[in-house]
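Worksheet: one structure, shown below.
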Amino acid sequence: MRHGFWDFTLPNVWIASEPGVAGLLQDGSYSGNIAELSPKAQNVLALLEVTGCLRAEERGDYSYAEVGLMIEHMTIAWHGLYYSHPVWNRLRSGELGRNGFVAWVLHNYHLSRSAGATAARGVLRSPTGAIRRLFLESALEEYSHCEDYYCIDDARLGVSESDCRAYIPLPSSLALDQQMHRLAEFDWLGHAMVGFIQESTASYYKKCCEFYSLVESKYGLPGFFDGWKQHILLDLKYGHASAFKDAIVEMGNASISQDALLKSLNGAAIMVHFLIGALDEILQEDAFSSEVRLRRPVVQLDIDFDVNALLRRFSFVPKPEGNQKQQPGNGSDLMASKLLVPKERIPPLEEWTSEESSFLIHEIAMSTLTALSHSQSHEEIIGLGKVVECLKTTLRDSVESMQFYSQSPRAVAIANFLREEAPRPKTYCLVIRLLSELLSFESLGATRSLSSVITHEFSVHILGSQFEKELPSQVLIWARLCEFAKFSTNLAVPHNPFC
Ligand SMILES: [Fe+2]
């Protein structure tokens, strides 16, 4: 039997001699009377239980004490997947090149940067005083860790503090940060779960320290991880992981429905999916270049795309415009979607599954409503108001149920990106305008009229000439959306404790 880090082998002869054990190993659960098992079989059952190898019993609802145990068990499976990723051995052996190494340490910096901000969001949105206090303490403890422990300023790597701060996070680093924000905002249980998953890594303190020391020596960077080692000690001292689990268990006699529990587990599993996705991207950064090439903001387009960390997946397509020769970076029409064509095809919305597209349309509707609620100028209010009007049927459904749920990483990543940009109406309009180009809103009946309203209202009235000037932000948003649209459509991480 394999589960997480665990690999169990039992002698066939013994299994055959123990009635009930063969069924237990086959089904992953035991429904008989435990007292009828032999003491040895009871011990095996207890071992399988504590290591999370058994399926949870399927019922209509659960106590929070049971939820706490299920999360512990799921965390074993998630950590097992995460730590079996090939990147770890490549770090251990020093095979991962400098560019991959830098991408990995900066990914950790971004993880630490997100901790204080997501905890702060959790304070504002959690249901009970005790949980709000927990997230407040977490926000206070965590916000400075990106500066105190993870920010890189190391001449040996050729990465300065300003490089570190400006580095554009890997797509999955951003996606997981935004998934944390989503959970913090709408799903305190999912947020507490991911807090538990992340902080419980500290329980491998000794192994982590050995690993860091080994990696330091392989990369010739003595002392590089001193801050990281101190940081794990801090997590242990504050008991972060147990605090998250305690918060769940301390919900006391309240119960949660299976449906709600599965939604929170799904939300947490999506975060784990992005966490693992970031490791895949680190390997891609490594394959891209052996020397360090940072993902810096792009200011001009007259650069070599093939060696640029952000633009290497695009071809530059000059705008055909009479005799006027279009040079990258100096044109009048700087719309990123026209100039930067992804080398790999991105499927339009009409090719998405109906579950994904209807989820995304609901999310666009809710985010546009959020953007309208933050609008101040006349143009923003009228333009976003017209889009809201266009989506009124969807919105009437959305506000009725407030259920927003998808298992598609690409749909969730794009939806979260919209949600996070919505409080800045101008940028949001830019995002949605580029998204409508990327996913060809015109190709799908449900978004066809939306496309023309967005093009007209946003381009002409809200963004205007500013739209053409904002090349760096356009390029970044366009690159982001293209990266997210390339995410998989299926969750690659288990989220159901019943199977
Ligand atoms: Fe921290």
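Going left to right, the sequence shown walks through residues 99 to 597 as the working numbering numbers them. All C-beta atoms, glycine included, are put in the ideal place defined by N, C-alpha and C.
Count the other CB atoms, across all protein chains shown, that sit within 10 Å of the CB of residue i; report buried if there are 16 or more and exposed otherwise.
i: Glu156; result: exposed
i: Pro267; result: buried
i: Gln276; result: buried
i: Met278; result: buried
i: Trp112; result: exposed
i: Pro269; result: buried
i: Asp384; result: buried
i: Gln398; result: exposed
i: Cys597; result: exposed
i: Glu555; result: buried
i: Asn428; result: With a pLDDT of 40 at Asn428, under the threshold of 50, the modelled position of that residue is not reliable, and the figure given next carries that caveat. It is exposed - the Cβ of Asn428 has fewer than 16 other Cβ atoms within 10 Å.
i: Phe187; result: Note that residue 187 corresponds to Asn in the displayed sequence, not to Phe. Classification of Asn187: exposed, given that the 10 Å Cβ count is below 16.
i: Gln382; result: exposed
i: Pro416; result: exposed
i: Glu297; result: buried
i: Tyr503; result: exposed
i: Glu193; result: exposed
i: Pro184; result: exposed
Which residues bound the alpha helix (DSSP H) around residue i?
i: Val203; result: Arg196 to Arg223
i: Phe582; result: Leu569 to Ala583
i: Ser315; result: Tyr303 to Lys316
i: Met278; result: Pro269 to Phe284
i: Cys527; result: Pro523 to Leu536
i: Phe233; result: Gly227 to Glu240
i: Leu334; result: Asp324 to Tyr336
i: Trp186; result: Pro184 to Ser191
i: Arg443; result: Element bounds for Arg443: n/a, residue is neither H nor E.
i: Ser388; result: From DSSP, Ser388 is part of no alpha helix (DSSP H); its letter is neither H nor E.
i: Gly543; result: Gly543 to Val551
i: Ala264; result: Glu259 to Ala264
Need the endpoints of the beta strand (DSSP E) that residue i sits in, please.
i: Tyr160; result: Asp159 to Ser161
i: Pro440; result: Leu438 to Pro440
i: Ser353; result: Ser353 to Ser355
i: Ser413; result: Phe412 to Phe414
Using a Cβ cut-off of 8 angstroms (strictly closer), state whether residue i contacts chain D.
i: Ser549; result: Reference to chain D is not applicable here, since this structure consists of a single protein chain.
Margin query: Run the Cβ filter for me: residues under 5 angstroms from any heavy atom of ligand 1, listed in the order they occur in the chain.
Written below: Residues flagged by the Cβ proximity filter: Glu240 and His243.
Next item on the list: Output the residue ranges of the alpha helix (DSSP H) runs that lie fully inside the segment 467 to 513 and measure 4 residues or longer, sorted by chain position.
Entry: You should have 476 to 488 and 490 to 499.
Notebook entry, point to check: If you scan the segment 106 to 166 from start to end, which runs of the alpha helix (DSSP H) of 4 or more residues do you find wholly inside it?
Noted result: 110 to 115, 119 to 125 and 137 to 148
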